[in-house]
Amino acid sequence: MSFSLFWRRGITEQIIPERSGTAFRLSKGETLVVIDPRGEQVADLLAFDAGDIREVISSGRTFDYAETIYLTKGHKLYSNRSNVLLEIVEDSVGRHDFLLTPCSVDTFDHFYPALDRHRGCFGNLAAALESYGVTPDMIPTAFNCFMNVPVDGDTGKLRVLPPISKAGDHISFRAHRDLIIGLTACSAPDSNGGSFKPIAYRIER
Ligand SMILES: [Zn+2]
1 MSFSLFWRRG ITEQIIPERS GTAFRLSKGE TLVVIDPRGE QVADLLAFDA GDIREVISSG
61 RTFDYAETIY LTKGHKLYSN RSNVLLEIVE DSVGRHDFLL TPCSVDTFDH FYPALDRHRG
121 CFGNLAAALE SYGVTPDMIP TAFNCFMNVP VDGDTGKLRV LPPISKAGDH ISFRAHRDLI
181 IGLTACSAPD SNGGSFKPIA YRIER
């Protein structure tokens with residue numbers, strides 16, 4: 001790695017602290033690299049068309065066209081209007097989830113009644129995306145980077161297991177449109193192997 005590349009990465013990599021979220025613009029042709037710095041940490045990802053935020057990533061459309069629920073390098077994330085918003089161009093993990101909605105205060109009431117309530121990824125995404133005009137009811141199922149949700153093919157039973165991602169693993173998405181991105185470091189205990197860690201990301205132009 002050249003010094004200039006190292007330096008460039010050094011100034012552009014951003015950290016999302018544990019149990020928080022952020023939002024930012026990603027231009028057409030840019031690549032978003034989402035990194036799990038310590039391992040076993042989920043990051044919920046949302047993408048809205050910057051020109052019309054009513055257009056947003058759709059798990060249903062994406063599964064339909066990919067013909068699988070396990071998405072990795074080469075798969076495209078489609079919108080509710082069947083347009084490609086993001087394409088997975090690198091993936092060092094190979095296991096992510098697009099079935100489950102962002103964890104929320106209701107998730108904590110349901111699964112973790114003995115723990116302190118937390119607004120979760122849903123609340124973090126809603127807060128981060130508010131300045132872009134996104135309201136809570138506009139938030140769909142997120143693409144959950146590194147989330148490990150195996151599904152029994154016969155019974156349909158699903159489980160939430162610790163991520164298989166190791167420290168430094170990453171997944172990269174190329175933008176096919178100008179987008180508004182929402183991204184979190186997930187707050188739910190079971191999704192993250194029982195501990196909360198940061199998420200890192202960078203934008204490559
Ligand atoms: Zn979460």
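For the sequence shown, the UniProt record's numbering gives the first residue as 1, with consecutive numbering after it.
C-beta: ideal position from N, C-alpha, C; glycine also.
Cut-off 6 Å between Cβ atoms - residues of its own chain near residue i, not counting five sequence neighbours on either side
{"i": "residue 190", "result": "160"}
{"i": "residue 141", "result": "59 and 101"}
{"i": "residue 35", "result": "170 and 200"}
{"i": "residue 129", "result": "23 and 182"}
Beta-carbon proximity check, residue i vs residue j, cutoff 8 Å
{"i": "residue 174", "j": "residue 45", "result": "no"}
{"i": "residue 102", "j": "residue 120", "result": "yes"}
{"i": "residue 23", "j": "residue 182", "result": "yes"}
{"i": "residue 139", "j": "residue 25", "result": "no"}
{"i": "residue 57", "j": "residue 99", "result": "no"}
{"i": "residue 197", "j": "residue 30", "result": "no"}
{"i": "residue 172", "j": "residue 33", "result": "yes"}
{"i": "residue 184", "j": "residue 20", "result": "yes"}
{"i": "residue 117", "j": "residue 105", "result": "yes"}
{"i": "residue 195", "j": "residue 39", "result": "no"}
Nonlocal neighbours in the same chain, by C-beta distance under 7 Å from residue i, ignoring five residues either side
{"i": "residue 42", "result": "144, 145, 146, 147, 163, 186, 191 and 192"}
{"i": "residue 2", "result": "Confidence at residue 2 is low in this model, with a pLDDT of 41, below 50, so its placement is unreliable and no value can be given for it."}
Sequence-distant residues of its chain with Cβ nearer than 8 Å to residue i (five each side left out)
{"i": "residue 176", "result": "28, 76, 83, 84, 85, 86 and 87"}
{"i": "residue 152", "result": "158"}
For this session: Please list, following the chain, all residues that have a C-beta closer than 7 Å to any non-hydrogen atom of ligand 1.
Result: Around ligand 1, the residues selected by a Cβ distance under 7 Å to any of its heavy atoms are 42, 44, 102, 103, 120, 121, 184, 186, 187, 188 and 191, following chain order.
For this session: Take every Cβ of the stretch 109-117, pair it with every Cβ of the stretch 77-94, and state whether three or more of those distances are shorter than 8 Å.
Result: Contact between the stretch 109-117 and the stretch 77-94 is absent, because fewer than three Cβ pairs lie under 8 Å.
Problem set entry | alpha helix (DSSP H) runs contained entirely in the stretch 111-166, provided each spans 4 or more residues | Segments of the alpha helix (DSSP H) lying fully in the stretch 111-166: 120-129.
For this session: Entirely within the stretch 50-90 and at least 4 residues each: give me those alpha helix (DSSP H) ranges in chain order.
Result: You should have 59-66.
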